[in-house]
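Working notes, structure below.
In my numbering, the protein residues as written are 83 to 881.
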């Protein structure tokens, strides 16, 4: 380790703090440009324009244009695809600031164009950064049959600034991804897992979660065994760190059926020895197979007849399904190739649910995390229950409409059965192997799932891919309310029936929603889909013939009420993505008055008068020297001066570019007076580092002895929030494995000020001389902003 050490009188030093101020200035400039673009768009349209903004990026996510306005008229009669594409690009360039676009021609790939049965055209643009696609970022321009541009929506990530040429090869990324998945699985199955060909993306962390996040150049690697393991692993293309793992296994009419023979799916018969193929005699006489085959037909026919979609890919793909699998039971799943079922799970709604995941993968492509993942699960429940309601097989009675807030007699809550004598809106009620239904779409809280976003049952943790199975209760409830009606959360919804609701939901799925769509996007998509379908004689869900059901303005009012009832546009404030540092410190002394033994607010700059010692130590010769210093430009709302150590976003983690090292600042010697029974330390600080890899902590030396780590248990308030990754986990930070302040405020890329208070009595007593040392350690690559320290005070409490 290479170390330098120097003693200095505190002064204003040149440090890399400009990134904080530059980011603030850029954000302010973007906001001004966005407002100007919105005002100009409204003026050009000649009437109000509805614009919704993304909480994750701040960019516009849904722009609804008034049909018949000046802008609409100016763009009408665009009948050719080329004319529509030119019009869309012109719009995106004219109002680029709304989305954070700089150059639509360079940042958006050529449009993929699709048509709908009503004569509308839909142009989908993949975002690019220096030619590299941005993961999950798509913009869509929608034209009605008359050629009017009606909506522009989707996700665009503004302000990307990453090196677009990877430092790590695709082969290296594959090995890293395999190792990460194998570590999760264990050796028993690791040998069966392989990696597909990696694809290069720019990945915006937090996009699916709906919060701020960092941009990474990343390799996207699909790792799996083509059976029951399918993970999409994002590997940073510069640092080699695993950024994210996303599950591709979703639990929960050219058909083939296979017998899994009670072993790990797909079993010995797949794909060459099917149990049944299209055209064979049916029923087969095997109940599990018959249930699965019939329900596969049900969902195929629903989508084909009602919506005009031929199989899940829209191109007539073979629908392979496996019954009698013997692994991970009881369960059922879609793995990107086939659906498979443990014994007792091939009920009509569960089978249709799993096929629902296949239809999702080939339409809106919802990422299986956070709200997009919950929406993914909800759509499978929605199509599963819709099939169940249509096919008259299985347990369909009693089928009385549900009561507001009541559970069914088939559900026990706290050991007490509910009151509704109905199986309506129960998911999996015929799957005895599950012990009965697993979800209630009309009253999700009966099964511990949220019925609205503000419910206490709403899941906020990373477990279950961010609560995808639980939080699906919110959109599930919205669909059930829209179909049957009910009074909930201050809204009275008049049901519009299954046919109208199913068509609205499918149009939202196939036209407006994309990979990162959350609940608010879902609400916008439903509202627009209802407007699009107004006046249309909808296809019957069973026969495909004209149903005579026509959506009107009153129906669309119910769509809006249902969205309000379940709070689709509300943020989950109960998730409480809390600041890293709490904001309500206790008094410095539990009793008595604090008497300073050392106090420094650094506001004197060069005139501070207190001598501290700074040093740095790099693991390798290429370490870029950097030290703690005093700066005057501080994160808001603080003014004056403070100490700062940069968590520099540099390095490659590879030989010749490894920036692993330490920055330290050591206090002068402090005498603890005789009789001072409980010496204490307080300091104000602001933290924003690369989470888990970089971070800072505090050490103490007593009477010239060895430096000792102050433990989390020594803190009275605002202790360390993390333990840094270990050397075994690949962390070459000199503080690897130690407790530290690390990361950022919840839901943010930044930090905020807070106070920590430490009890020093475990180390020092009256008559001792102590020194304190703040240390910021970082690994060989990556970073964020750094660590600010202010108002450092060592004191005793005087009666």
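Where is the CB? At the ideal position from N, CA and C, for every residue including glycine.
Secondary structure at residue 806: coil, using DSSP grouped into helix, strand and coil. In summary, residue 568 is buried, with 16 or more beta-carbon neighbours lying within 10 Å of its beta-carbon over all protein chains present. Annotation for residue 180: 116, 119, 120, 123, 133, 141, 142 and 145 place their beta carbon closer than 8 Å to its own, counting only its chain and skipping 5 residues before and after. By the criterion of a C-beta distance shorter than 6 Å, residue 727 is surrounded in its chain by 710, 745, 858, 868 and 869, once the five residues flanking it on both sides are discounted.
Counted as a single uninterrupted DSSP element, the beta strand (DSSP E) harbouring residue 216 occupies residues 214-225. In this structure, residue 287 and residue 258 do not form a Cβ contact; the two beta carbons are roughly 17 Å apart against a cut-off of 8 Å.
Under DSSP, residue 481 takes part in a beta bridge, and its partners are 504.
Between the beta-carbon of residue 235 and that of residue 594 there is about 6 Å, and that keeps the pair under the 8 Å contact cut. Counted as a single uninterrupted DSSP element, the stretch harbouring residue 694 is not any alpha helix (DSSP H) but the beta strand (DSSP E) occupying residues 693-700. Rounded to the nearest angstrom, the gap between the Cα atoms of residue 617 and residue 632 is 6 Å. For residue 781, the three-state secondary structure derived from DSSP is strand. Collapsing the DSSP output to three states places residue 728 in a strand. Only exposed fits residue 677, as fewer than 16 other CB atoms lie within 10 angstroms of its CB. Going by beta carbons, residue 405 and residue 371 fall inside the 8 Å limit. For the pair residue 828 and residue 659, the CB atoms are nearer than the 8 Å cut-off.
By the criterion of at least three beta-carbon pairs nearer than 8 Å, the region 559-574 is in contact with the region 512-528. With a cut-off of 8 Å on Cβ pairs, the region 413-424 is in contact with the region 308-315, counting three or more such pairs. The C-alpha of residue 528 is placed about 32 Å away from the C-alpha of residue 136. Assigned with DSSP and collapsed to three states, residue 879 falls in strand. Within the region 424-499, the runs of alpha helix (DSSP H) at least 4 residues long that lie entirely inside it are, in chain order, 430-443 and 452-473. Distance between residue 185 and residue 409, taken at the CA atoms: about 51 Å. Residue 514 sits away from residue 502, with the two beta carbons spaced by 8 Å or more. Beta-bridge partners assigned by DSSP to residue 374: none are found.
When the five nearest sequence neighbours on each side are left out, the beta carbons in the same chain lying within less than 7 Å of the beta carbon of residue 641 are those of 564, 586, 608, 609 and 612, in order along the chain. Where residue 586 is concerned, the enclosing alpha helix (DSSP H) starts and stops at 580-589.
Residue 769 places its beta carbon 8 Å or farther from that of residue 615. In this structure, residue 880 lies near residue 675, with their beta-carbon atoms less than 8 Å apart. Per the Cβ contact rule, the region 755-767 is in contact with the region 831-842 (3 or more Cβ pairs under 8 Å). Between residue 220 and residue 621, the alpha-carbon positions lie close to 30 Å from each other. About 26 Å separates the CB atoms of residue 605 and residue 619; that is not less than 8 Å, and the two are not in contact. Taking C-beta separations shorter than 8 Å and ignoring five residues to either side along the sequence, the partners of residue 814 in its chain run 701, 735, 740, 742, 861 and 862, following chain order.
Exposed is the label assigned to residue 751, since fewer than 16 other Cβ atoms lie within 10 Å of its Cβ.
Contact annotation: residue 649 and residue 804 have beta-carbon atoms that are not nearer than 8 Å. Counting along the chain, no alpha helix (DSSP H) covers residue 741, and no H or E run does either. Scanning its chain for C-beta atoms nearer than 6 Å, with the 5 sequence neighbours on each side dropped, one finds around residue 385 the residues 391, in chain order.
The region 426-438 and the region 473-486 touch, with three or more beta-carbon pairs separated by less than 8 Å.
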